Amino acid sequence: MKIPKTLRNYFFIIFALFLIAGCATTQQQLLDSEQSQLRLRSIQTRSFDTTDKEKTLRTVIATLQDLGFVIDKADATLGMVTATKLDRYALRMTVTVRPRGETQLLVRANAQYESTPVDDPEPYQHFFSALQKAMFLAAQEVD
Amino acid sequence: MPHVSERQKTIFLNLQYLFLLALSFAFVGCHPRIPLEALRLDTESLKQRQIQTRVFQTDDEAKVLTACAALLQDTGFNIDESETKLGVIVGSKDRSAVSTGQVVGSVFVALLTGIPVPWDKNQKMRACVITKPIGEEKRNIAVRVTFQRIVWNTEGKVTRREGLTDPKIYQEFFEKLSKSLFLEAQESL
């Protein structure tokens with residue numbers, strides 16, 4: 001059977017669209033190589049003028065609880081907390097705290113919504129705004 | 001225009017649908033977006049904090065944490081994770097999620113339509129207890145507990161993912177905790 005030309009065009013366009021829509025490769029998914037790591041780091045990181053790591057971690061945990069998360073893991077030595085929020089969706093977040101110089105702590109948060117990394121700046125801004133209120137300290141952007 | 005048979009017309013129409021479908025895939029891609037309010041504090045968060053928190057007049061955090069761990073065990077939870085330096089205990093348990101009403105409803109619909117309707121079967125319930133010394137001289141310990149659950153139906157699909165917010169759950173938990181600590185739980189300082 002001879003396929004009419006219009007039909008062939010449609011086939012071609014559909015094929016092309018699936019190509020565009022296609023998902024990332026395993027390597028891209030594993031190492032998130034599509035993302036600009038510098039940009040991500042800056043939207044996920046803030047510094048605070050304190051050196052009390054334990055208190056900062058406790059405040060991070062309290063803030064996560066305020067936001068409806070249940071803690072999955074916490075490690076004072078490594079300075080990290082992982083938590084999950086279930087609210088029809090699943091949102092998982094890891095927050096790490098480490099020293100920056102002699103007088104500051106660096107707090108980094110990264111979130112995963114369902115099965116994709118969160119790279120919008122806005123949710124992180126909300127998180128750090130909640131955290132700085134609980135810390136009674138300003139969250140400073142880091143270059 | 002050359003002669004087009006009915007058959008070719010239907011193929012052509014179907015292709016248009018497929019085209020629209022592919023177009024929508026292109027827009028959706030692989031990225032479901034996070035709701036922008038997901039990490040925003042609101043008045044509801046503060047209300048939940050009150051419901052989920054009690055303050056105990058003691059400065060012995062280890063004692064409170066031990067009592068919490070024991071209480072989680074008493075209520076059937078297995079401890080998954082703990083970090084005493086940060087006042088963290090996390091537990092979970094697997095339970096049945098079958099409710100008679102839902103099963104009756106499913107069977108009724110299945111009888112009417114001939115299509116089997118799945119019902120909720122299992123659930124995983126998680127709890128985390130966080131203790132925190134509060135006050136100027138750290139003379140009080142605040143305890144906050146939060147619960148959540150995931151429910152699977154008879155086909156093994158997730159049907160519910162939610163935080164548990166019923167205040168009665170928290171009342172009962174803290175009543176039990178007060179008893180085991182021999183201390184009066186206070187709503188706040």
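Chains as they are written, first to last, in the numbering used here: chain A, 1 to 143; chain B, 1 to 189.
Heads up, the beta-carbon is just placed ideally off N, CA and C, and yes, glycines get one too.
Please read these numbers as outputs of a predicted model, since none were measured by experiment.
Taking a cut-off of 8 Å on C-beta distances, the segment 80-95 of chain B touches the segment 63-83 of chain A, as three or more cross pairs fall below it. The count of Cβ pairs closer than 8 Å, one atom from the segment 47-66 of chain A and one from the segment 115-123 of chain A, stays below three, leaving the stretches out of contact. In this chain, the beta strand (DSSP E) harbouring residue 88 of chain B covers 88-96.
Residue pairing by DSSP puts residue 162 of chain B in a beta bridge opposite A/87 and B/149. Of all residues in the segment 60-73 of chain A, only 61, 62, 63, 65, 66, 67, 68, 69, 70, 71, 72 and 73 place a beta-carbon less than 9 Å from a beta-carbon of chain B.
Straight across, the Cα-Cα distance linking residue 15 of chain A with residue 88 of chain A is about 34 Å. Here residue 138 of chain A is exposed: its Cβ has fewer than 16 other Cβ atoms, across all protein chains shown, within 10 Å. Within the model, the alpha-carbon separation for residue 134 of chain B versus residue 66 of chain B is close to 18 Å.
Scanning chain A for C-beta atoms nearer than 9 Å to the C-beta of residue 32 of chain B yields 89, 113, 114, 115 and 116, reported in chain order.
Within the segment 117-130 of chain B, the residues whose Cβ lies closer than 8 Å to some Cβ of chain A are 126, 127, 128 and 130, listed in chain order. For residue 45 of chain B, at least one C-beta of chain A is nearer than 8 Å to its own C-beta. DSSP links residue 120 of chain B through a beta bridge to B/153.
When only Cα atoms are considered, residue 127 of chain A and residue 104 of chain A end up about 19 Å apart.
Three or more beta-carbon pairs separated by less than 8 Å link the segment 106-114 of chain A to the segment 39-49 of chain A, which places the two stretches in contact. Burial is judged here by how many other beta carbons sit within 10 angstroms of a residue's own beta carbon; residue 28 of chain A has fewer than 16 and is exposed. The C-beta of residue 144 of chain B comes closer than 8 Å to at least one C-beta of chain A.
Taking a beta-carbon distance threshold of 8 Å, residue 137 of chain B does not count as an interface residue toward chain A.
In this structure, the beta-carbon distance from residue 30 of chain A to residue 150 of chain B does not fall below 8 Å. About 15 Å separates the beta carbons of residue 92 of chain B and residue 74 of chain B, which is beyond the 8 Å limit, so they are not a contact pair.
Scanning chain B for C-beta atoms nearer than 9 Å to the C-beta of residue 123 of chain A yields 34, 35, 36, 37, 38, 39 and 40, reported in chain order.
Residue ranges of uninterrupted alpha helix (DSSP H) with 4 or more members, entirely inside the segment 17-55 of chain A and ordered along the chain, are 26-31 and 37-44. Spanning the alpha carbons of residue 79 of chain A and residue 133 of chain A requires a straight line of approximately 20 Å. By the neighbour-count definition (other C-beta atoms within 10 Å, threshold 16), residue 167 of chain B is an exposed residue. Apart from the 5 residues on each side of it in sequence, residue 58 of chain B sits with its Cβ closer than 7 Å to the Cβ of 64, 141 and 183 in its chain, given in chain order.
Rounded to whole angstroms, the Cβ separation of residue 98 of chain B and residue 106 of chain B is 11 Å, and the two are not in contact under 8 Å. Note on residue 115 of chain B: under 16 other CB atoms within 10 angstroms of its CB, so exposed under the neighbour-count rule.
Residue-level contact by beta carbon fails for residue 102 of chain A and chain B, as no gap is shorter than 8 Å. Near chain A, meaning a CB-to-CB distance below 9 Å, no residue of the segment 54-71 of chain B qualifies. A residue is called buried when at least 16 other Cβ atoms come within 10 angstroms of its Cβ; residue 132 of chain B meets this threshold and is buried. Distances from the alpha-carbon of residue 11 of chain A to those of B/20, B/6 and B/174 put B/20 closest.
Judged by DSSP secondary structure, residue 109 of chain A falls within the beta strand (DSSP E) whose first and last residues are 104-113. In this structure, residue 53 of chain B keeps its C-beta atom at 8 Å or more from the C-beta atom of residue 126 of chain B. Here residue 124 of chain B is near residue 94 of chain B, since their CB atoms are less than 8 Å apart. Burial check for residue 84 of chain A: the Cβ neighbour count within 10 Å reaches 16 or more, so the residue is buried.
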